[in-house]
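In UniProt numbering, the protein residues as written are 1 to 604. Cβ coordinates follow ideal geometry from the N, Cα and C atoms, glycine included. All of these numbers come straight from a predicted model, not from anything done at the bench. See structure below.
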C-alpha cells in the first residue's frame with residue numbers, strides 16, 4: 001500500500017445514546033439457541049445480537065429464560081455494553097465489535113464489578129446520587145446497563161479496551177491510556193491501523209528481521225547511547241515472549257512495540273510517518289523494506305527530520321559511505337544512525353589508519369559487514385595482533401579484511417580455536433598464516449559445527465589422518481565446502497566411474513583441489529575425453545589427478561593431437577606437466593608450440 005494512501009480513519013458521526021431497549025435482552029434464535037451474527041441490520045440492535053450469546057429456554061418457544069443469565073450470557077451482555085460505549089465514542093460498528101470481543105480482561109473486570117456491587121447491594125455508595133443508587137439496587141436495571149454505567153464512569157473513552165484488543169497487558173493498557181486522554185477514539189483507532197501497516201510492510205522478510213536483530217546484538221561491544229539502550233530493552237522484552245526475537249518481523253510484535261515506545265500513539269502524526277518513509281525511499285530503500293529499519297531501530301521513528309535524520313545521513317556521506325550504498329547499509333545495520341555508532345565509525349577509521357590500512361578497504365568491509373561499526377577498536381586490535389602472530393603482514397591485511405570483514409567481529413578465543421585446530425592437525429603457524437591470507441573465511445567458521453565436522457568427514461571417508469596437513473595445505477577451501485552437497489557427490493562420482501574408495505582417497509591426498517571441481521563442467525568431460533578419445537586407462541588419473549586442473553580445449557586436446565600425430569606415447573604427467581617451451585623442444589623438436597596451451601591454473 002503506498003504511503004500516500006495510508007490515511008487515518010476519518011471520524012464517523014457519533015450515534016445517539018442508548019436506546020430504551022438497552023435493558024431488554026434481544027430475541028434469540030429459538031431453533032438453535034445461539035447468538036445471531038446478523039450483519040444486515042444496522043445500529044446498536046444488530047451489534048448487540050452479534051455480541052450477546054442467548055440461550056433458549058427449556059420450552060424452546062417462549063424466548064430466553066430470565067433466570068438463565070449465567071456467566072456466558074453476562075459476558076455477552078458486558079461486551080454489548082462496551083460496544084455501545086465505543087460507538088458513542090465514535091468507533092465504527094465493525095471496530096466496536098472487534099474491540100469488545102478482543103478485550104476479555106477489560107470486559108471481565110466490568111462483569112466482576114457489577115457482580116460485587118449486586119452481591120453486596122453497594123450501588124447506593126457507588127452512584128453519584130441516592131436516587132440512582134436505589135434504582136440500581138432495586139433490580140429494575142438490567143445487567144448490560146449496569147456494565148455500561150461502570151464503564152462510562154471510568155471515563156477512558158474506550159481507550160483501555162482498544163489497547164487490550166491490540167494485545168497489551170491490562171497493566172500496560174491502564175498506564176498508557178493515561179497519556180492518550182487527549183485523543184479521540186476514532187483517530188486513535190486509525191493511528192493504530194496506520195502504524196501497524198508502516199511497521200509490518202516487510203511481508204515475506206520476517207525471518208530476516210529477527211536474524212539481523214540477533215546479529216546486531218551479538219556484535220555490539222561499545223558504549224551505547226540512549227536510543228540503542230531503549231532498542232535493546234525492547235529486544236529483551238521480545239526475547240522473553242514466545243518465539244523470542246524470531247517473531248520481530250510479525251504483527252504479534254505490535255503490543256511489545258507499543259509497550260516499549262508508547263509515544264508511537266501519543267505523539268507521532270501521519271504526516272511525520274509519511275515524511276520519514278519518503279526520505280528513506282530517496283536513499284534507495286524499497287517501500288516494502290522500510291518496516292525492517294523501523295523494527296530494528298524504533299527510535300529512528302522519532303528523529304526530527306531536519307535536526308537529526310538528515311544531518312546524520314550527511315555525516316555518513318562525509319565519512320565516506322557512498323550515496324548508492326547508504327540504503328543498503330541502513331537495511332543491514334540501521335543502528336548506524338545512532339550517535340554512538342557514528343562516533344565509533346570515526347574511531348575505526350583512525351585505528352586502521354594507524355595500521356596502514358586504506359580507508360577504501362575499511363569502507364568496503366563496512367559495506368559488506370556494517371555490524372563491525374558496533375565493534376570496539378580494542379577488540380579489533382586484539383584480532384589484528386593475532387594476524388601478525390601468524391605472519392600476516394600489514395600489506396596482506398587489507399585483502400584479508402576485504403574478503404572476510406566478519407573476522408574483525410570474532411572473539412579472540414574463537415579465533416584461537418581455529419588456530420588451535422590447525423595446530424592439532426599438524427599445520428604450523430606460518431602455514432596457518434598463509435591459509436588465513438588465502439582463505440580467510442575459514443577463520444570465521446565455527447570450529448565444532450563446521451571445521452571439525454569436515455575433517456571428521458574426510459577421515460571417515462578414508463583419508464589417513466597423517467595426510468590431512470597436506471590435503472588442507474594444498475586446498476584449504478575444501479573446509480568451506482558442504483560435505484553432503486558438494487564433497488560427497490564428487491567422491492561418489494569418481495567411484496561410480498570405476499575407481500575404488502582407496503583410489504579416490506589416494507587422488508585426494510595427491511591433489512586435494514580435485515574436490516573443488518564441478519562434475520558436469522570439469523570432471524565428466526575430461527574423463528570422457530581421456531577414456532573415449534585418448535583411449536587411456538582410468539588408472540592414469542589415479543597416478544596423476546592434476547590432469548583435471550588443465551584446460552581441456554587449450555591444453556589437453558592440443559597436446560594430445562600433437563603426440564598422436566607424431567605417434568608418441570607418454571604418461572599424463574609427461575604430456576601436461578611441462579611448460580610450452582619444454583614440451584615443444586622435447587616432442588616437436590622446435591623452440592615453441594604453434595598452439596600455446598593455457599597455464600595449469602586453468603581448470604576449465
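Check: Can you name, in chain order, every residue of its own chain whose Cβ lies under 8 Å from the Cβ of residue 569, other than the five neighbours on each side?; Outcome: 563
Check: Of all the beta strand (DSSP E) runs that stay within the bounds of the region 186-260, which reach a length of 3 or more residues?; Outcome: none
Check: So what does DSSP say about residue 303, is it helix, strand or coil?; Outcome: coil
Check: If you draw a straight line from the alpha carbon of residue 500 to that of residue 448, how long is it in whole angstroms?; Outcome: 30 Å
Check: Please state if the CB of residue 250 and the CB of residue 206 are separated by a distance shorter than 8 Å.; Outcome: yes
Check: Once the 5 residues before and after residue 464 are set aside, which same chain residues still bring their CB inside 7 Å of it?; Outcome: none
Check: Using the beta-carbon count (16 or more within 10 Å), is residue 589 buried or exposed?; Outcome: exposed
Check: Under a Cβ-count criterion, where at least 16 other Cβ atoms within 10 Å of its own Cβ denotes burial, should residue 201 be classed as buried or exposed?; Outcome: buried
Check: Does the contact criterion of 3 or more C-beta pairs under 8 Å hold for the region 387-403 versus the region 355-367?; Outcome: yes
Check: From residue 255 to residue 241, what distance separates their C-alpha atoms?; Outcome: 11 Å
Check: Report the option in 159, 522 and 78 whose CA atom is closest to the CA atom of residue 91.; Outcome: 159
Check: Starting from the C-beta of residue 437, find all residues in its chain whose C-beta is less than 8 Å away, skip the five residues before and the five after it, and write them out in chain order.; Outcome: 392, 396, 399 and 400
Check: Mark residue 482 as exposed unless 16 or more other C-beta atoms lie within 10 angstroms of its C-beta, in which case mark it buried.; Outcome: exposed
Check: Within the continuous alpha helix (DSSP H) that includes residue 344, where are the two ends?; Outcome: 339-354
Check: Between the C-alpha atoms of residue 523 and residue 552, what's the straight-line distance to the nearest angstrom?; Outcome: 10 Å
Check: From this set, 306, 267 and 252, which residue's C-alpha is nearest residue 295's C-alpha?; Outcome: 252
Check: Are the CB atoms of residue 440 and residue 403 nearer to each other than 8 Å?; Outcome: yes
Check: Three-state secondary structure (DSSP) at residue 2?; Outcome: Its pLDDT being 42, under 50, residue 2 is placed unreliably in this model, and the coordinates cannot settle the point.
Check: Which complete alpha helix (DSSP H) runs does the region 107-134 hold, if anything under 4 residues is left out?; Outcome: 123-126
Check: Taking residue 543 as the reference, which of 525, 532 and 511 has the closest Cα?; Outcome: 511
Check: Rounding to the nearest angstrom, what Cα-Cα distance links residue 77 and residue 278 in this structure?; Outcome: 46 Å
Check: Pick helix, strand or coil for residue 317, following the three-state DSSP scheme.; Outcome: helix
Check: Would residue 335 pass as a contact of residue 508 if the rule is Cβ separation under 8 Å?; Outcome: no
Check: Count the other C-beta atoms from every protein chain shown that fall within 10 angstroms of the C-beta of residue 290, then say buried if there are 16 or more, exposed otherwise.; Outcome: buried
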